[in-house]
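In our numbering, the protein residues as written are 28 to 482. Read the structure below first, then the notes.
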């Protein structure tokens, strides 16, 4: 069967609960299980994993987020498919990103919020349990990566696993990808994991700007840019010695730094001799406020969008080493939040004030139970109004997984094992609702409606 390689090879552990996701570029987050509850083998062959793989085998990419997935954005899905007879017993590729700790506070990142949430002793027990489960499969892993959700060199559990990784496969068949902000990638810290130099080693360093003020603002650090520059030269020296086999510098382009992109790309190529300059567009993690909305210059409604498009005409972006993950496409984020809030106010007015709203619901909804998808303000309003007329066994929202609202548990779309599919799902989102409706139907829910249908 032909299948997108990430639906098989991208197995990432993303937090202290041991949540495992199969591809990080899916609308619903791609979570397929939890290492603190099941083994990796059970998770890797779970129904959740099979559903994602079934989509890809059938050419269904409705759950793929084009603002995150460069394959969809650039129309290269076919080129990134692999031919396999069956899913292997253990994942050959493993991405370690479960400690969620960082020395930066990047403006577009959610990791600083994650770092504040759990009591230290309880957190350490969870991390040790994850370590134990991962150590069981490490010998079978051929490709290992760290750390896409935090900073590698402050992640002690991850560093420990990397330092003692001994794969059963031949060295030449094994590869490593290290993702870091580079602030701590110096000789002293490299020695802690220098054993990785015997494998095919790639290093990707995210640099948000080479300009001092912008670098500090976007990275949320007081460190001088000179510290990072020194470390980039150190990594360059490892590349020149052949210890590192592939060196990439990445950035997340947004309102504050898009004007320097041409010079940024040239400097990466000429001064640091990178193998690749990866330009990744900013995308809000959750429903954006005005500040986040303003960062997205790919949005055709942004006041600087035309200037951004002009900047991207620079010939440096045709260089074979430069790769724009955005694929030259608009983000589709839409009008500024105040315009969206006016539209949502109209929905709220219909829910709370429209005469006959409940009678209309009873005509549309044919089940005794409902499930609300997306727990932003409209979703919460629906719960408040419908809870006395309908059973609400759970709600769905990837950003609120594990939380409760009015005593009702909230799950992510990838963590619905064992729940009944007999309820009507009401999709409360005002964008991408068609993709979500299709996803819920694929999940086995027979009745799925949008908030627009209900209103």
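Even glycine gets a Cβ: it sits at the ideal position worked out from N, Cα and C.
Residue i lies in the beta strand (DSSP E); which residues open and close that run?
i, result
"residue 108", "108 to 110"
"residue 350", "349 to 351"
"residue 1", "The question about residue 1 has no answer here: the residues shown for the chain are numbered 28 through 482."
"residue 123", "120 to 123"
"residue 335", "Where residue 335 is concerned, there is no enclosing beta strand (DSSP E), although the alpha helix (DSSP H) it sits in stretches over 332 to 338."
"residue 227", "227 to 233"
"residue 49", "46 to 49"
"residue 71", "Counting along the chain, residue 71 falls outside any beta strand (DSSP E), though it belongs to the alpha helix (DSSP H) covering 67 to 71."
"residue 38", "38 to 40"
"residue 215", "It is not in any beta strand (DSSP E) - residue 215 instead sits in the alpha helix (DSSP H) that spans 214 to 217."
Sorted by chain position, which residues of the same chain lie with C-beta nearer than 8 Å to residue i's C-beta, five sequence neighbours on each side aside?
i, result
"residue 437", "402, 421, 422, 423, 424, 427, 428, 429, 430 and 431"
"residue 261", "212, 213, 214 and 217"
"residue 375", "404, 405 and 408"
"residue 170", "36, 119, 120, 121, 201, 202, 203 and 204"
"residue 161", "40, 62, 67, 121, 123 and 188"
"residue 433", "410, 411 and 414"
"residue 158", "184, 187 and 188"
"residue 247", "131, 132, 133, 134 and 139"
"residue 207", "174, 178, 179, 180, 230, 231, 232 and 233"
"residue 196", "169"
What residue does the alpha helix (DSSP H) around residue i start on, and which one ends it?
i, result
"residue 30", "Where residue 30 is concerned, there is no enclosing alpha helix (DSSP H), although the beta strand (DSSP E) it sits in stretches over 29 to 31."
"residue 83", "74 to 84"
"residue 262", "252 to 267"
"residue 326", "Element bounds for residue 326: n/a, residue is neither H nor E."
"residue 314", "Note, residue 314: premise wrong, no alpha helix (DSSP H); not H, not E."
"residue 246", "239 to 246"
"residue 411", "404 to 413"
"residue 481", "478 to 481"
"residue 172", "Where residue 172 is concerned, there is no enclosing alpha helix (DSSP H), although the beta strand (DSSP E) it sits in stretches over 170 to 173."
"residue 292", "288 to 297"
"residue 115", "Here residue 115 belongs to no alpha helix (DSSP H), and DSSP marks it neither H nor E."
"residue 156", "147 to 164"
"residue 185", "183 to 190"
"residue 384", "384 to 391"
"residue 464", "460 to 469"
"residue 97", "97 to 101"
Between residue i and the rest of its own chain, which residues show a CB-CB distance below 7 Å, the 5 nearest in sequence each way excluded?
i, result
"residue 176", "41, 124, 127 and 138"
"residue 150", "43"
"residue 468", "475"
"residue 481", "388, 391 and 453"
What's the gap between the Cα of residue i and the Cα of residue j?
i, j, result
"residue 351", "residue 194", "33 Å"
"residue 290", "residue 278", "13 Å"
"residue 29", "residue 77", "14 Å"
"residue 349", "residue 229", "17 Å"
"residue 339", "residue 326", "14 Å"
"residue 63", "residue 85", "32 Å"
"residue 441", "residue 286", "38 Å"
"residue 449", "residue 369", "33 Å"
"residue 382", "residue 391", "16 Å"
"residue 82", "residue 88", "7 Å"
"residue 300", "residue 266", "9 Å"
"residue 91", "residue 70", "21 Å"
"residue 179", "residue 185", "7 Å"
"residue 378", "residue 58", "32 Å"
"residue 191", "residue 323", "41 Å"
"residue 439", "residue 454", "14 Å"
"residue 263", "residue 51", "29 Å"
"residue 163", "residue 219", "22 Å"
"residue 394", "residue 387", "14 Å"
"residue 114", "residue 49", "13 Å"
"residue 489", "residue 165", "Residue 489 is absent from the structure shown; the chain starts at 28 and stops at 482."
"residue 477", "residue 298", "52 Å"
"residue 465", "residue 346", "39 Å"
"residue 75", "residue 256", "43 Å"
By Cβ distance, which residues of its chain are closer than 6 Å to residue i, with the 5 residues on each side in sequence left out?
i, result
"residue 488", "No answer is possible for residue 488: the residues shown for the chain start at 28 and end at 482."
"residue 98", "104 and 107"
"residue 343", "289, 292 and 293"
"residue 252", "239 and 242"
"residue 452", "398, 400, 467, 472 and 475"
"residue 296", "348"
"residue 172", "122 and 204"
"residue 484", "A query on residue 484 cannot be resolved here, the shown segment of the chain reaching from 28 to 482 and no further."
"residue 312", "137"
Tell me, to the nearest whole angstrom, how far the beta carbon of residue i is from that of residue j; I am working on the premise that it is less than 8 Å.
i, j, result
"residue 54", "residue 463", "7 Å"
"residue 135", "residue 225", "35 Å between Cβ atoms; not a contact."
"residue 210", "residue 250", "6 Å"
"residue 94", "residue 310", "5 Å"
"residue 385", "residue 416", "6 Å"
"residue 73", "residue 60", "5 Å"
With a cut-off of 8 Å, do at least 3 Cβ pairs link the stretch 270 to 277 to the stretch 300 to 313?
yes
Hey, is the stretch 312 to 331 in contact with the stretch 353 to 364, meaning 3+ C-beta pairs nearer than 8 Å?
yes
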